[in-house]
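**Student:**
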């Protein structure tokens, strides 16, 4: 299933070392101004080689829009797009052709399909997220017209973590450092940790937080289409993600109802709001107009620049060492991907919500 | 969206105090023996009033199978089913008609639809999970033929928590106590905590763990259909769930790749397996043949048997107190629901996986 | 696949001689007045035994609404409904248990599923259309608010056929006779033919025409979601249907473009309209505001009250004779079914169309 | 909705005069040899300018495969593909920018989206069928392994029509002439008619027949997923198609059941077969192992090389004359498109059918 969404739908294609990656955005509302600067910015945020903290791979990642845009506006027709693979060092993977790297998708893909493109992980490569960033950029163009903003940031790298909630930080500082953490001091600690880990050929995990503000009441559907269900499904589909929580999340599971209910009141404009927002902006699966916020846990990536044990296609033990250019920590580059997936979920839910009344 | 799944699909309907709840199971494989005892057992596990720990509501919850079964076997045609509502005390909710209970779905439903059935929460009631348990029971009937087992248990209630992994417990003890915790001593602590909380009209959250064993290699799809994506979407669609993690989850986000990779080896039969299973049985979104395990966080339910502040439909402040029969902790009754959703995801993924080769 | 539609979705279940038939209507807009009289009327039009022309089977077909309606209005939540089977003579089918009736679904169902409910054709029975009529009635309730009307009528029975287009008849006369033909003289001819055919244990086919008026511009989508695609898929899913055409249809395939183009002009209100409507109200897959009209061809039903040759489950030749109560011509009772399917397609397309702009 | 199919899915994009057309084929079975010759052949059959009967437009239509193929085999991952637009004369359409051509999609697209790409009809252009031919070619690669063949041919142009059924002709002659009609003499008549019509700037309609042989028993699903439903939906989604019928179709609607039932018998191998095949290879919505055959009616295309009346965007009357290079009769080039859509439906149904048993 390479299609995501119900009304606003992204279908993606492409392998790490194939000819190109790309996709089709279907259900994009018509008449939206296409903001190419925004698209470039999102691609740049995802791009490898953007800082010393990330992989030194250089990928131009020039997005070519193939359809669905006319004289600077979306037409409501599907937007085909493509990014050519230009900087692939496929020979880096020659030694991996006949073995299964630990905690990678090599074994499961080969078992499932009976064939796999071993170069750079093929379809299982995080390079696939290029398509998500393009889809997310278009979703953001529509959300901007609705006054909805999606902002993610790095909350934790290894054991270095922010203590406060998103409200305790100035999120405009997120892009001020390579880690994408709005607490500049913590960011420096995180960066130091990433460099240390990288120096020993290891990798490190972490947590990204995301906040959606300006979201109207009513997005999400009862039962299986709950907004948190869509967000969790979206986030868990990102490479290396192992956990999702919203509102008080796992921490809230320890507490009592009397401490967690959000009391309703009215704001100065007479609008019904909640005094607190422990619910995370969603009640009964439907947005309540407050900020939606959630955390996404990333495991340390499996590619180590060290000798590792594994087996070959026949199950015989072999030792290998990964070559090539890899991230020691994916968090900084995953921030725009979390935003992209969230933006697509919100726009899709917004469009679906238009159909509940005549 | 009241349909769940792609090939094996459950469509559910019904409100807490309406005529009936029920659903349609579509895509159930043909020729499976219908195990009515299993169905009854699953319904009994979900049923209110089963112990002192749960709501004293008595619901007969007799499932009537309306179609799709012929001479004790499934026919491949859709299975319609229904459970009549017989024990509803709708008048318990008369005082809630014109107000929005804190942290319930009252406000969001009313805002979204312009109308709501206020009785017992209407569609947003956890009574809706009756349909999930029926769907899950049928999924389990098919999984049993495949040697796949789904077992959930209560891991945590409030701050009382198991310390070990699922392998440290004898899961056959799960049903030996009302809390559904395989550690009998901890179960007693949890039960005491629930009773204490209940005594003061409060509620308490917790965590349920689930293990899927016997799962073949190959379930789940690349990119958006990752198995963890489907599981997370399924779990987050359950009432009161706030978080999902699999494998090492949030804890693993703190660590390094060198500590977390699962090295491949072969077992006595020459089958490729992993030495450890920190991945949680899924790699690249596809099951690798090891146990799949995950945690689900539940918030404390919002219905308190205490005076609470809120607003009415016009936004005017009001005080109210919930009446009726409610769970102080949903965990014990949510264990079968977690299993039901997991069983449906696994069967669906199994059927989808049949289509990847000619 | 027992679900029909994308936003407005009907999921149906039930076999001819099972416990009940029914379904779930999902995506029904909220706040629509539920017109139970309309529902009863549609069910009565479909009901067997309504006239001498149809099967003498008596089926009460009392629809029980199980959810989704509160105080006379739709709530936006799924509408579960059910019709119990009460008048089944299952023993009429005992002699068919071990054989495959010619041109029925017996052989294909048994081959596909390895099991079949032989009683009354099981799931393949036209009795399944009960669910469609309920779905269609709810769709009509919504369409009525939009000023959209769906009217079908019997155009042809065997070789007795109307010559004119729908505009040449007063469609309010359709229900004035048992055949549901707006030309009362032709209706009498058709009725006579049906009686004659019935008298010799035979059956007869025909054509139903349908007109959708008041449809706004813009329903239907480019490429695969063309409105004619949805209508054709819907009609071809009705039992015994063998053909679909809209606008000039097969007749138009003989002609030239210069004779068939519909020239644009403006009406008195300045609205852009077409001078003629050979296109059948759809251009480029999207409604153009003119009447949508189409024809549906029905084969003569396969159940003959005569001796017939066939084979048993082992392929051995056997002779059999159907027992029971059957229609010699399904056209009169299929008129409301064609309307129901068309109404669901139009409402679904209307709701989808709400999502093409922000 | 620019995605077609349930398991085998084609998502298409592109406008007539945009940068490129293309699509994504998802759900292609893994391990299938990619037959590039077949792909080229199918593209050549669809290509404009292939004979004097078709438009003189020259389109290279070089398909570039971007992903999903590794070392000559499909990998089970999505196949992205693209055809650049190279021969577009967009200025041919400058005079059409501000008016609505009769019986084209100009008016409906503009009304629906509030914007349209007027060049060459934009998304509504039949050039979009490039993507269908690519999808169909891949489907045929898989079907070839299953021994399933899809063959279409021109049955009728204007009033020149074949009289026999497909069994009366040698379908290997279909490609022997420019009309793609297996009756060479009739083909000459048809060709003469097309030239005559073209000479006067007019266009002409017709009928294409299609036969699917070698199809196993069991494809298609009860109720809404009937095989004829999927085929009809597929065919009606092709530009200019106005009608669909299978088996005896509209002609059969005139007759009696006693003349049309297909009696079961066994063949020399003991396999259950039908003596006749009036049903068209489908019973109860499911293939019965006999040939599946159907007809598709095409209207004469709307683009005339003559002066025509219409209105501009403001509804003011204007006269215009189309420029450029257009087909006077689309039938010859639509033959491979009918095959492509049929091939995709059959492969999709084959894959779905794998899921009905464990």
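Residue numbers (the numbering used here), protein chains in the order written: chain U, 799 to 1156; chain A, 799 to 1156; chain W, 799 to 1156; chain V, 799 to 1156.
Positions of the beta carbon are idealized from the N, C-alpha and C atoms, including for glycine.
Since the model is a prediction, treat every value here as computed from it, not as a measurement.
On the DSSP bridge assignment, give the partners of residue 831(A) in chain order.
**Tutor:** 871(A)
**Student:** Within 8 Å (strictly less), CB to CB, does residue 1037(U) reach chain V?
**Tutor:** Cβ-Cβ to chain V under 8 Å: no for residue 1037(U).
**Student:** Can you tell me which of the three DSSP states residue 1116(W) falls into?
**Tutor:** strand
**Student:** Who are the Cβ neighbours of residue 985(U) in its own chain at under 6 Å, not counting the five residues just before and after it?
**Tutor:** Correct list, in chain order: 975, 977, 979.
**Student:** Tell me which residues of the region 849-883 of chain W have at least one Cβ-Cβ distance to chain V shorter than 8 Å, keeping chain order.
**Tutor:** Cβ contacts with chain V: none found.
**Student:** Along the chain, where does the alpha helix (DSSP H) that runs through residue 1027(V) open and close?
**Tutor:** Unbroken alpha helix (DSSP H) run through residue 1027(V): 1025-1034.
**Student:** Using a Cβ cut-off of 8 Å, pull out every chain W residue sitting near residue 943(U), in sequence order please.
**Tutor:** 1156
**Student:** If I measure Cβ to Cβ from residue 1072(U) and keep anything under 8 Å in the same chain, skipping five residues before and after, which residues do I get?
**Tutor:** 1060, 1061, 1062, 1063, 1086, 1088
**Student:** If you reduce the DSSP assignment to three classes, tell me which class residue 1147(A) lands in.
**Tutor:** helix
**Student:** Along the chain, where does the alpha helix (DSSP H) containing residue 965(U) start, and where does it finish?
**Tutor:** Premise fails: residue 965(U) is in no alpha helix (DSSP H) and is neither H nor E.
**Student:** Counting along the chain, where does the beta strand (DSSP E) carrying residue 1008(W) start and finish?
**Tutor:** 1004-1011
**Student:** Quick one: does residue 1136(W) have its CB under 8 Å from some CB of chain V?
**Tutor:** no
**Student:** Rounded to the nearest angstrom, how far is the Cβ of residue 811(V) from that of residue 819(V), given a contact under 8 Å?
**Tutor:** At roughly 7 Å, the Cβ-Cβ gap stays under 8 Å, so residue 811(V) and residue 819(V) are in contact.
**Student:** Taking the beta strand (DSSP E) that residue 810(V) belongs to, which residues open and close that run?
**Tutor:** 807-811
**Student:** Only counting the same chain, and skipping five residues up and downstream in sequence, which positions put a Cβ closer than 8 Å to that of residue 1050(V)?
**Tutor:** Contacts found: 1058, 1076.
**Student:** By the 10 Å Cβ neighbour count, where 16 or more other Cβ atoms means buried, how is residue 1136(V) classified, buried or exposed?
**Tutor:** Under this definition residue 1136(V) is a buried residue.
**Student:** Counting Cβ pairs, one atom from each stretch, are 3 or more of them under 8 Å apart for the region 828-844 of chain W and the region 895-910 of chain W?
**Tutor:** no
**Student:** Rank 1107(V), 926(V), 908(V), 1010(V) by C-alpha distance to the C-alpha of residue 771(V) and give the top, closest one.
**Tutor:** Residue coverage of chain V in this structure runs from 799 to 1156, which leaves residue 771(V) outside it and unanswerable.
**Student:** If we cut at 8 Å on Cβ distances, does residue 911(U) have a partner in chain V?
**Tutor:** yes
**Student:** Reducing DSSP to helix, strand and coil, say where residue 894(W) ends up.
**Tutor:** helix
**Student:** Going by C-alpha to C-alpha distance, which of 909(U), 1003(U), 917(U) sits closest to residue 892(U)?
**Tutor:** 917(U)
**Student:** Could you tell me the distance, in whole angstroms, from the CA atom of residue 877(U) to the CA atom of residue 966(A)?
**Tutor:** 52 Å
**Student:** Is there at least one Cβ from chain V nearer than 8 Å to residue 801(U)'s Cβ?
**Tutor:** yes
**Student:** Quick one: give me the first and last residue of the beta strand (DSSP E) that residue 947(W) is part of.
**Tutor:** 947-955
**Student:** With distances taken Cα to Cα, identify the nearest neighbour of residue 952(U) among 930(U), 990(U), 925(U), 1007(U).
**Tutor:** Nearest of 930(U), 990(U), 925(U), 1007(U) to residue 952(U), Cα basis: 1007(U).
**Student:** Report the neighbours of residue 1140(W) on chain U: residues whose CB is nearer than 9 Å to its CB, in chain order.
**Tutor:** By Cβ distance, chain U contributes nothing, its closest Cβ being about 18 Å from residue 1140(W), past 9 Å.
**Student:** Report the neighbours of residue 817(A) on chain W: residues whose CB is nearer than 9 Å to its CB, in chain order.
**Tutor:** Annotation: Cβ neighbours of residue 817(A) in chain W (cutoff 9 Å, chain order): 862, 863, 864, 865, 878.
**Student:** State the Cα-Cα distance for the pair residue 1025(W) and residue 1106(W), rounded to the nearest angstrom.
**Tutor:** 41 Å
**Student:** Taking Cβ positions only, does residue 805(V) come closer than 8 Å to chain A?
**Tutor:** So, interface residue.
**Student:** So, with DSSP's three-state summary, where would you put residue 943(A)?
**Tutor:** helix
**Student:** According to DSSP, simplified to helix, strand and coil, what is residue 1099(A)?
**Tutor:** Note: residue 1099(A) maps to coil in three-state DSSP.
**Student:** Checking the sheet assignment: what are the DSSP bridge partners for residue 1093(U)?
**Tutor:** 1007(U), 1043(U)
**Student:** Would residue 812(A) count as contacting chain W if we go by Cβ distances under 8 Å?
**Tutor:** yes
**Student:** Check the Cβ of residue 829(U) against every Cβ in chain W and list those closer than 7 Å, keeping chain order.
**Tutor:** 1155
**Student:** In its own chain, which residues sit with a C-beta less than 6 Å from the C-beta of residue 1138(W), not counting the 5 before and 5 after it?
**Tutor:** 930, 931, 934
**Student:** Could you give the DSSP three-state label for residue 1106(V): helix, strand or coil?
**Tutor:** strand
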